Amino acid sequence: MKKTLSFLSLAIVFASSARAELKLPAIIGDHMVLQQKQANPVWGWDDPGTKVTVSFAGQTKTAEAGADGRWTVKLDPVDANAEPAVLTIEGSSKRELQDVLVGEVWMCSGQSNMGFTVGGDWNAEVEALAANVPNLRLISVPQVGTQELQDDFQGQWEASTTESCRGFTAVGFFYGKYLQEILGVPVGLIDNAWGGSAAEAWVRRTTIEADPRFASLVEGWKQREVQLQSPETKAKYEADLAAWKESAEKAKAEGKPAPRPPQSPDQLLHGNARPGNIFAGVVNPTLGYGIKGVIWYQGESNAGRAWEYAQLFPFMIEQWRQEWNQGDFPFYWVQLADFKSEVDQPGESQWAELRESQTKTLSLPNTGQAVIIDLGEGNDIHPKNKHDVAARLVRWALARDYGFKLEPESPTYQAMEIAGNKVVLAFDHTGTGLRTVDVNEALGFAVCGEDQQWKWAEAKIVGPNKIEVWSAEVPAPVAVRYAWAENPVCNVLSKEGLPLTPFRTDDFPMITAPQPAAAAQ
């Protein structure tokens, strides 16, 4: 009996030992880039109570796995290093991470225009051939939409090659390649973009629920969640799915394309619009990894709620900065490009209002906006020239973070002065002056009088930072707008090649603002 118990005890010990395993998240692995000149967290999991030792660049840090098995150490800041190094982690087992570099790390986030890959760029074939850059490292985070906080993902760091770059974000890749070539240090890029995503999905659910400004948004989703999970909705989906299968079989037999299948309730619940979904499934697994900053390209999905976006977008940035606990790290975004049909008459525009909300977010510290009102395609929401987008984004980093003497900001409206039937506009950030492109006339301006009826205006550059605007149809102008449309015809830019930022001088009610409740009958 005692021998049996002894054997059982040994078996339990060996089984426990076999289960003991040091586990690392995907973001901590071979070929990764650590952010230079700042303390970098390194974390993972092991048996509770296990002492874990991390050694790198002549330093050794220790931690103990907590009750949940997680441990974290913080490496001391080190300078950039392009020589491949080994990072050793010892706990219940030992891992040696190979080919670790130190340099600049940027996160590339947003929706489909950030997710748009190098393979889709106009110059994809040439860019891919020029993509063998060993010190440019890439990692992509899969799209997982959930309300449950995830602590890991399937992915790995890899060096940029002709093959690996093709499926990577084009804006992010070109941005990172610029930095690597100009700074001469390794660059790591984290791609976590998700096409069609709404801004509210990128923040922690509990934080947006706690902010009264977004009470209506949250309440609407709570009602939708109840409805999507109801037996009635599930039964309707099953019926619609059965009908679709029948229609698809019939279409196949007739040699016709199959109709689009119905969208399942589960797809919406795990999609890219539900508040908190992307934060929990995509952002949280990388949370805390040492980064220099974030580049962002999103807003199309929130255009119908542009008024709300003026609060939601800066809220998201502030929340990310708090979550990362790295201070006010750089956050640079791309303003919406021109898209849809050109208009015959000036008027209101949801996309113009969204662009305005993006511009207002520049009030946050350490932020920047790349204006691309000249780089869009009217018939494609995904313009294929991503190289120039990245070039305008990277100016911000070069000027603000790396000490280069460049003007990163597009000309922006500053003030207006009315003189009779003319308005003189003054602008900031005009560099060495303003100019037009394509034609000599300054296009894209509209004026209105007290009646708020907008008319196209003539315009003339009258100084390095001033433009004169007028219309024979508006003898007493009160306000001016520029590039105020989904797809405006506009052509003013600085001599440095940065387009004039779309703007309005009025504060008329926004068409995307919440409408007052109808009076009770």
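Residue numbering for the sequence shown follows my numbering, starting at 1431 and increasing by one per position.
The C-beta atom is built at its ideal place from N, Cα and C for all residues, glycine as well.
Bear in mind that the values here come from a model prediction, so they are computed numbers and not experimental data.
Inter-segment contact for the segment 1891-1908 and the segment 1850-1865 is present: three or more beta-carbon pairs are separated by less than 8 Å. Fully enclosed beta strand (DSSP E) runs of no fewer than 3 residues occupy 1723-1727 of the segment 1697-1733, in order along the chain.
Note on the segment 1786-1814: whole beta strand (DSSP E) runs with a minimum of 3 residues are 1797-1800, in chain order. Scanning its chain for C-beta atoms nearer than 6 Å, with the 5 sequence neighbours on each side dropped, one finds around Thr1480 the residues Ala1495, Gly1521, Ser1522, in chain order. In this structure, DSSP gives Gln1752 a helical state, which the three-state scheme calls helix. When secondary structure is reduced to three states using DSSP, Trp1763 falls in the strand class. Your pair Arg1911 and Pro1776 checks out as a contact, with CB atoms roughly 7 Å apart and the cut at 8 Å. Remark: C-beta atoms of Pro1692 and Leu1671 approach each other more closely than 8 Å.
Closest option to Val1571, judged by alpha-carbon separation, among Ile1708, Tyr1739, Cys1878: Ile1708. Just so you know, the alpha carbons of Tyr1832 and Asp1804 end up roughly 27 Å apart.
Linking Glu1526 to Ala1827 through their CA atoms gives a straight-line distance of about 33 Å. Here Phe1875 carries a strand assignment [DSSP, helix/strand/coil]. The Cβ neighbour count for Arg1690, taken over all protein chains shown within 10 Å, is under 16; the residue is labelled exposed. Taking a cut-off of 8 Å on C-beta distances, the segment 1662-1681 does not touch the segment 1586-1601, as fewer than three cross pairs fall below it. When the beta-carbon positions are compared, Val1724 and Phe1761 come within less than 8 Å of each other. Secondary structure note for Pro1661: its alpha helix (DSSP H) is the uninterrupted segment 1661-1683.
Excluding five sequence positions before and after Ser1771, the CB atoms of its chain that fall closer than 8 Å to its own CB belong to Gly1808, Glu1916, Asn1917, given in chain order.
Here the alpha carbon of Thr1637 sits roughly 36 Å from the alpha carbon of Thr1518. Here Tyr1727 really is in contact with Met1544; their C-beta atoms are around 4 Å apart, less than 8 Å. Residue range 1852-1858 is occupied by the beta strand (DSSP E) that includes Phe1857. DSSP, read as helix, strand or coil, puts Tyr1832 in coil. Restricted to the segment 1536-1576, the alpha helix (DSSP H) segments that are unbroken, complete and at least 4 residues in length are 1542-1545, 1554-1559, listed in chain order.
The DSSP-derived three-state label of Ser1485 is strand.
In the DSSP assignment, Glu1611 falls within the unbroken alpha helix (DSSP H) covering 1600-1613. The segment 1694-1704 makes contact with the segment 1567-1586: 3 or more CB pairs, one atom from each, lie closer than 8 Å. Linking Val1648 to Pro1695 through their CA atoms gives a straight-line distance of about 18 Å.
Judged by DSSP in its simplified three-state form, Gln1741 adopts helix. In the displayed model, Phe1938 falls within coil according to three-state DSSP, outside both helix and strand. Excluding the 5 residues flanking it on each side, Ala1515 has same chain C-beta neighbours closer than 6 Å at Val1530, in chain order. Per the DSSP secondary-structure output, Met1846 pairs in a beta bridge with Leu1855. Contact check for Pro1939 against Ala1782 fails: the beta carbons are separated by 8 Å or more.
Partner residues in the beta bridge of Phe1933, as assigned by DSSP, are Tyr1912.
Around the CB of Val1869, fewer than 16 other CB atoms lie within 10 Å, so the residue is classed as exposed.
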